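Undergrad:
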Amino acid sequence: MDVLQAKNLTKKFGKFIAVDNISLSLKEGEILGLLGPNGAGKTTTIDMLLGILKSTSGEISMFDLPFEKNKVKILKQMNFSAAYVNLPWRLTVLENLYTFARLYEVKDYIGKVEKLIEEFKMTKLKNELTLKLSSGQMTRLYLCKAFINDPKILLLDEPTAFLDPDIADFTRKYILKRVKQSKTSVLFTSHNMPEVNEICDRVIFLNQGKIIAEDTPEGLIRKIKSCKVRLFFASDTKRAETLLNNFNYKFWPDNKDTIIELEEKNVGQLLGRLSLAKLKYTQITIDKPTLEDFFIKIARKKI
Amino acid sequence: MSIQRIFAIVIRHIYVWPRSMERLMWSFGWPFVDIVIWGVTMSYLQKSATSSFSFVNVILGGLILWTIIWRTANEMAINFLDEVWNKNLINVFSTPLRPAEFILAMVILNFIKLTLTIIFMTIASWLFYKFNIIASFGFFLPILFFNLLMTGLAFGLFVLALILRFGVSVQELAWSLVAFIQPFSCVFYPLSALPEWGQKIAKFIPSTYVFEEMRTILFAKSDLIAKNTVNWSNLWISMILNTIYLTFALWFFYQMFENARENGRLIKMQ
């Protein structure tokens with residue numbers, strides 16, 4: 002069941018088209034990644050879905066209700082967190098969470114806040130002013146705020162940006178736990194491709210305001226046919242380069258290694274040719290394509 | 022309308038109040054400095070005056086009543102700007118909070134803070150200069166207070182709408198715009214003291230009528246004029262002008278809020 006549907010969504014700022022006729026849907030309990038280079042239209046899309054930016058054209062509906070006409074009802078069941086927004090610095094952790102719990106009209110909010118604070122290991126910090134928190138503690142506070150109303154739809158705009166690997170890992174695991182427990186649907190943007198690969202069920206790639214690819218992370222990776230073979234030639238490097246040149250392989254040196262980019266199905270052929278030429282390599286690594294490779298190729302318009 | 026959401030915004034700003042030096046200064050520090058400076062100046066001038074009428078009372082009365090407009094107009098815009106400065110605007114307006122609830126919260130918040138400021142100024146002026154605003158204005162006090170509150174709200178909302186339209190580059194107006202109407206409001210002098218062109222402008226400002234009647238009440242108290250000379254029509258004109266301006270300011274605010282949602286200024290502001 003789709004909890005969110007956007008049809009033909011367009012946002013123009015004067016002559017500039019930030020989002021160009023995109024349609025997307027989000028299923029119950031799904032984590033949808035919204036990816037793309039800077040300026041692709043990800044944040045603009047999120048802002049429209051939050052209702053703080055009006056679309057130029059197109060329709061948004063959530064829980065089968067038109068968004069604009071049912072904004073209050075819908076927003077009660079949504080929440081949001083982003084790396085570029087803060088919470089009031091001169092309020093304590095508790096005061097900030099109480100404020101947002103009241104704004105979302107959370108029943109028994111004192112108990113709810115206590116539970117979240119405990120889950121995010123912030124009990125000792127609950128009476129600290131927000132301005133005294135470290136960036137990791139701050140992110141945990143933002144996530145407490147994001148889950149305060151047990152949202153059915155959660156929009157997360159680069160929630161793990163600026164976080165150290167440990168806290169970023171904690172954040173991902175928490176999101177996955179919540180999705181599993183309460184079937185929260187998440188729209189997630191990030192520039193961290195391994196992270197997207199780890200948590201997203203489906204990915205939409207945006208570039209210059211348009212959707213240019215949509216699939217599972219694995220499906221997108223499969224669209225890249227090439228892989229990278231890294232070889233270390235103990236000797237005969239010159240002869241190896243001549244051979245690679247003769248067969249028109251795309252290759253480049255990387256420190257003492259040689260990297261060859263070729264289609265995965267041709268790896269055997271390459272190794273056969275090296276063997277026939279009696280070229281000895283002492284180390285070999287085959288790097289399969291990643292979502293990051295797909296991202297780079299899309300951004301450079303090579304797909 | 023949700024009482025809980027309105028309360029959330031009110032209490033969020035109340036939390037900040039005692040922790041913010043500048044806010045404490047606006048609420049109590051500067052009003053106290055004004056009371057002392059003006060009180061001392063007028064007491065000194067009074068000594069060389071031939072009239073038995075207390076000019077201190079007129080000035081302090083004007084000062085306390087002007088604070089109602091000044092603080093109200095400031096509070097409306099500054100509490101909104103506080104969300105911008107804290108990069109919290111998107112968080113607040115992505116909740117189910119309606120703009121009307123936000124405005125109502127600002128009005129309630131302002132009323133609470135203003136009441137405390139006025140009580141503080143009343144006590145200070147009574148302690149230092151024996152000027153009792155409650156005894157001086159009697160049942161007129163709530164009428165004057167309400168009228169000036171409306172003027173402050175209209176101005177505050179107008180400035181808020183300008184900030185939504187032009188962004189934080191015009192945030193200075195939150196402090197300064199209301200000061201431009203002070204000379205025409207005739208806070209410390211009668212309308213007749215203004216040049217003719219100034220009087221024409223002053224007649225379009227609701228607070229002018231209030232301050233004219235404030236002086237009438239104080240003159241009557243000092244037996245300088247008859248007791249029943251308060252001109253009710255002036256208070257009605259003030260009320261009608263306030264209603265017109267407040268309606269316009271509300272309409273303008275809503276237009277600019279929707280405009281800011283359309284052109285992305287609500288997001289870019291922070």
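Chains as they are written, first to last, in the working numbering: chain A, 2 to 304; chain B, 22 to 291. Backbone N, C-alpha and C define an ideal beta-carbon position, used for all residues, glycine too. Every value quoted in this text rests on a predicted model; they were computed, and no experiment measured them.
(1) Look up Cys228 (chain A) in the DSSP assignment and give the residues it is bridged to.
(2) Among all the DSSP beta bridges, which residues are the ones paired with Met79 (chain A)?
(3) Starting from Pro211 (chain B), trace the alpha helix (DSSP H) both ways and give me its first and last residue.
(4) For Lys55 (chain A), return the contacting residues in chain B, with the cut-off set at a CB-CB distance below 8 Å.
(5) With 8 Å set as the bound, which would you pick, yes or no: does the beta-carbon of Asn208 (chain A) sit closer than that to a beta-carbon of chain B?
(6) Checking the sheet assignment: what are the DSSP bridge partners for Phe233 (chain A)?
(7) Where do the ends of the beta strand (DSSP E) carrying Arg203 (chain A) lie?
(8) Alpha carbon to alpha carbon, how far is Asn107 (chain B) from Leu188 (chain A)?
(9) DSSP has Trp253 (chain A) in a bridge; who is on the other side?
(10) If you draw a straight line from the alpha carbon of Lys113 (chain A) to that of Pro120 (chain B), how long is it in whole angstroms?
(11) Going along chain A, which residues have a C-beta under 9 Å from Leu102 (chain B)?
(12) Can you check whether the C-beta of Leu164 (chain A) is within less than 8 Å of a C-beta belonging to chain B?
(13) Compute the distance between the beta-carbons of Trp51 (chain B) and Leu81 (chain B), then report whether it is under 8 Å.
(14) Look at the alpha carbon of Gln284 (chain A) and the alpha carbon of Ala84 (chain A), and state the distance between them as a whole number of angstroms.
(15) Would a C-beta distance cut-off of 8 Å place Ser183 (chain A) and Leu27 (chain A) closer than the cut-off?
(16) Taking only beta carbons into account, state which residues of the segment 100-128 of chain B come closer than 7 Å to chain A, listed in chain order.
(17) Can we say the segment 241-255 of chain A touches the segment 206-225 of chain A, given the rule of at least three CB pairs closer than 8 Å?
(18) Answer with yes or no whether the minimum CB distance from Glu106 (chain A) to chain B is below 8 Å.
(19) For the candidate residues B:Ser64, B:Ile90, B:Arg92, whose alpha-carbon lies nearest to that of Val79 (chain B)?
(20) Determine whether the beta carbon atoms of Ile139 (chain B) and Thr62 (chain B) lie at a separation below 8 Å.
(21) So, at 7 Å on beta carbons, what are the nonlocal neighbours of Arg236 (chain B) in its own chain, with the 5 sequence-adjacent residues on each side left out?
(22) Pick from A:Gly40, A:Lys77, A:Met49: whose alpha carbon is nearest that of Glu283 (chain B)?
(23) For the alpha helix (DSSP H) that Ser64 (chain B) lies in, which residues bound it at each end?
(24) Which complete beta strand (DSSP E) runs does the segment 74-121 of chain A hold, if anything under 3 residues is left out?
(25) Tell me the start and end of each unbroken alpha helix (DSSP H) in the segment 182-270 of chain B that is at least 4 residues and wholly inside, in chain order.
(26) For chain A, find out if any of its Cβ atoms is closer than 8 Å to the Cβ of Ser48 (chain B); answer yes or no.
(27) Can you give the Cα-Cα distance for Ile261 (chain A) and Ser276 (chain A), rounded to whole angstroms?
(28) Leaving out five residues on either side along the sequence, give the residues of the same chain with a beta carbon under 7 Å from the beta carbon of Arg240 (chain A).
(29) Which residue marks the beginning of the beta strand (DSSP E) containing Met63 (chain A), and which one marks its end?
(30) Please report the straight-line C-alpha distance between Ser157 (chain B) and Pro216 (chain B), rounded to a whole angstrom.
(31) Using a Cβ-Cβ distance cut-off of 8 Å, determine whether Ala29 (chain B) contacts chain A.
(32) List the residues of chain B that Leu51 (chain A) touches, going by C-beta distances under 7 Å, in chain order.
(33) For Asp216 (chain A), name the three-state secondary structure that DSSP assigns.
(34) Taking only three categories from DSSP, how would you classify Asn193 (chain A)?
(35) If contacts are defined as beta-carbon pairs under 8 Å, then Leu142 (chain A) and Asn97 (chain A) qualify, I think. What distance do you get, rounded to the angstrom?
(36) Can you check which of these residues, A:Lys266, A:Thr190, A:Ile47, A:Leu95, is closest to Ile32 (chain A) by C-alpha distance?
TA: Per the coordinate set shown:
(1) According to DSSP, Cys228 (chain A) shares a beta bridge with A:Leu263.
(2) Note: Met79 (chain A) sits in a beta bridge opposite A:Ile154.
(3) Judged by DSSP secondary structure, Pro211 (chain B) falls outside any alpha helix (DSSP H); it is assigned neither H nor E.
(4) Near Lys55 (chain A) (Cβ distances below 8 Å), the residues of chain B are Glu279, Arg282, Glu283.
(5) At least 8 Å separates the CB of Asn208 (chain A) from every CB of chain B.
(6) By DSSP's assignment, Phe233 (chain A) forms a beta bridge with A:Gln284.
(7) Looking at the DSSP string, the run of the beta strand (DSSP E) that includes Arg203 (chain A) is 203-208.
(8) Going by the C-alpha atoms only, they are around 25 Å apart.
(9) Trp253 (chain A) is bridged to A:Ile260.
(10) Lys113 (chain A) and Pro120 (chain B): Cα-Cα distance of roughly 27 Å.
(11) Simply none; closest approach about 12 Å.
(12) No, no contact with chain B.
(13) A distance of 8 Å or more separates the beta carbons of Trp51 (chain B) and Leu81 (chain B).
(14) Cα to Cα, the separation comes out at about 42 Å.
(15) Contact flag unset, no.
(16) Contact residues of the segment 100-128 of chain B toward chain A are Asn107, Lys108, Asn109, Ile111, Asn112, Phe114, Ser115, Thr116, Pro117, Leu118, Arg119 (C-beta to C-beta distance below 7 Å).
(17) Taking 8 Å as the limit for Cβ pairs, the verdict is that the segment 206-225 of chain A does not touch the segment 241-255 of chain A.
(18) Yes, its Cβ sits closer than 8 Å to a Cβ of chain B.
(19) The shortest Cα separation from Val79 (chain B) among B:Ser64, B:Ile90, B:Arg92 belongs to B:Ser64.
(20) No, these two residues do not count as a Cβ contact at 8 Å.
(21) Same-chain partners within the cutoff: Val79, Pro211.
(22) With distances taken between Cα atoms, Glu283 (chain B) lies closest to A:Met49.
(23) Start and end: 51-68.
(24) As far as the segment 74-121 of chain A is concerned, its whole beta strand (DSSP E) runs of at least 3 residues are 79-83.
(25) DSSP runs (the alpha helix (DSSP H)) wholly in the segment 182-270 of chain B: 194-197, 203-206, 217-223, 227-242.
(26) By this cut-off, Ser48 (chain B) is not an interface position.
(27) Those two C-alpha atoms are separated by around 16 Å.
(28) Scanning its chain for C-beta atoms nearer than 7 Å, with the 5 sequence neighbours on each side dropped, one finds around Arg240 (chain A) the residues Leu280, in chain order.
(29) Secondary structure note for Met63 (chain A): its beta strand (DSSP E) is the uninterrupted segment 58-63.
(30) Straight-line Cα distance between these residues: approximately 29 Å.
(31) Yes, because at least one Cβ of chain A sits closer than 8 Å to the Cβ of Ala29 (chain B).
(32) What Leu51 (chain A) touches in chain B, judged by beta-carbon distance under 7 Å, is Ser115, going in chain order.
(33) Asp216 (chain A) sits in a strand when the DSSP states are folded into three classes.
(34) Assignment of Asn193 (chain A) by DSSP, reduced to helix, strand and coil, places it in the coil class.
(35) Contact holds; Cβ gap of about 7 Å.
(36) Nearest option by C-alpha distance: A:Thr190.
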